[in-house]
Structures are given as C-alpha cells and as structure tokens.
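In this note's numbering, the protein residues as written are 136 to 322. Where a beta carbon is used, it is the ideal one built from N, C-alpha and C, also for glycine.
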C-alpha cells in the first residue's frame, strides 16, 4: 500500500509543480481524444467535432441534461453512454424532476484516486475508524467513500442520512463502533 500512496503523492507533486501554461497544454492535448470519443454517442453526434484547442471547445453548443435525457429515451441508455455504467446516482427529485447520472469504471477510478490522495494527505491512515455518511453503494458518493476506506484499510460503518429518523438509526450504529477517527461524506 505504501508504494500505492507514494505513487499518488508523486502524481500530485507533478500536477502542482507544473506551471499554469504546462497544465493548460496538457489538458489541451487531451481534447482531440475526448471529443472524438464523444462522437460515438447520439448525444453529441452531429453537434460536435474533434476539438484541438480551448478556443474550439468554447464554440461547441452546451449540452444540457434535457438533451441527454431526450437522447436516452430515443436511443436507449447503452447507445448514449460512452462507457458501460458501473454506478448510477439518482437525485431525490425534490425539484419535481429527478435526474440520473451514470459513472463508468474510468470515472470511478479517477475520482477514487483523487479522494484517496486527499484522505491520505489530511491524515487518514490504516487502522483508523471512519464513518461514511454518504450511504452504501450504489449511491455514488457512498460507493466512492467506501472504496477509499477499503483502499486505505480504514474500518467503520456506512449510513445514509436522509431525514431525522435516519440520524437516530445512524447514531445507534456508530455508538457501537466506539472511537471514530473521522466522518466523511462525498456529497
């Protein structure tokens, strides 16, 4: 595990030691790959092209949630997504319009690596007890916080706090854990 963490620390040192211009150039080099890959989805097909600069990217039309949803209804989720979904996050619909967001393996891995690094940098270590307030998988934030806990070998319960009743249940669970070194929520 220490080699894994060392790699993460080196990664962040490289990211933060690069000049703003070097970071911009690195991101710009990724644009052709990202935008050409997006052409494979009906969501973007006919609305975008392979972009090679931020200036070209600024000229693309904004793709809002309604456009994505319409394409999914018309073509199906599998045709529209650029990678198979591993986890889906659904909003509560409190605005009257619940939304669904999908994450693939690469999305989860990228987010997980950043969370693990930040958790390590702020002092989370193997053997600590952590309380995941984000809920259990398949909730996206709960899924990621649980994966971070597993990667850092941190024990502790996972609960989801939606309302006051959940808080009472969660407090009963956490009281059995004894010491809690940290509480985390991905939301």
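Item: How close, in whole Å, do the beta carbons of residue 279 and residue 246 come, if the pair is a contact with beta carbons under 8 Å?; Value: 6 Å
Item: Any idea what DSSP makes of residue 232, helix, strand or coil?; Value: coil
Item: Based on Cα-Cα distance, which residue from 204, 169, 183, 263 lies nearest to residue 330?; Value: Summary: the structure shown does not reach residue 330, with the chain confined to residues 136 through 322, and so no result is reported for it.
Item: Closest to residue 198 by CA distance: which of 190, 176, 281, 166 is it?; Value: 176
Item: May I ask which residues mark the beginning and end of the beta strand (DSSP E) holding residue 222?; Value: 222-225
Item: Under 8 Å by Cβ, that's how I've got residue 287 and residue 320 pegged, so tell me the actual separation to the nearest angstrom.; Value: At roughly 16 Å, the Cβ-Cβ gap does not stay under 8 Å, so residue 287 and residue 320 are not in contact.
Item: Hey, would you say residue 186 sits closer than 9 Å to residue 215, going by beta carbons?; Value: no
Item: Considering only the beta carbon of each residue, do residue 221 and residue 249 sit closer than 9 Å?; Value: no
Item: Thinking residue 289 and residue 270 are a contact (beta carbons under 8 Å), I'd like their distance in whole angstroms, please.; Value: At roughly 17 Å, the Cβ-Cβ gap does not stay under 8 Å, so residue 289 and residue 270 are not in contact.
Item: Check whether chain D comes within 9 Å of residue 196, counting only Cβ atoms and requiring the distance to be less than that.; Value: Within the model displayed, chain D is absent; a lone protein chain is all it includes.
Item: Report the three-state DSSP secondary structure of residue 298 (helix, strand or coil).; Value: coil
Item: Does the beta-carbon of residue 255 have 16 or more other beta-carbons within 10 angstroms, so that it is buried, or is it exposed?; Value: buried
Item: Mind checking whether the beta-carbon of residue 297 lies closer than 8 Å to any heavy atom of the ligand HEM?; Value: Judged by which ligands are present, the structure shown has none, so any question about the ligand HEM falls away.
Item: Can you round the beta-carbon distance between residue 218 and residue 235 to whole angstroms, since I take them to be within the 8 Å contact cut?; Value: Between residue 235 and residue 218 the Cβ distance is about 15 Å, and since that is not below 8 Å, they are no contact.
Item: Just to confirm my understanding: we take residue 251, look at its own chain, exclude 5 residues before and 5 after, and list those with CB closer than 7 Å. What are they?; Value: 143, 283, 286, 287
Item: For residue 297, which of 190, 281, 181, 277 has the nearest alpha-carbon?; Value: 277
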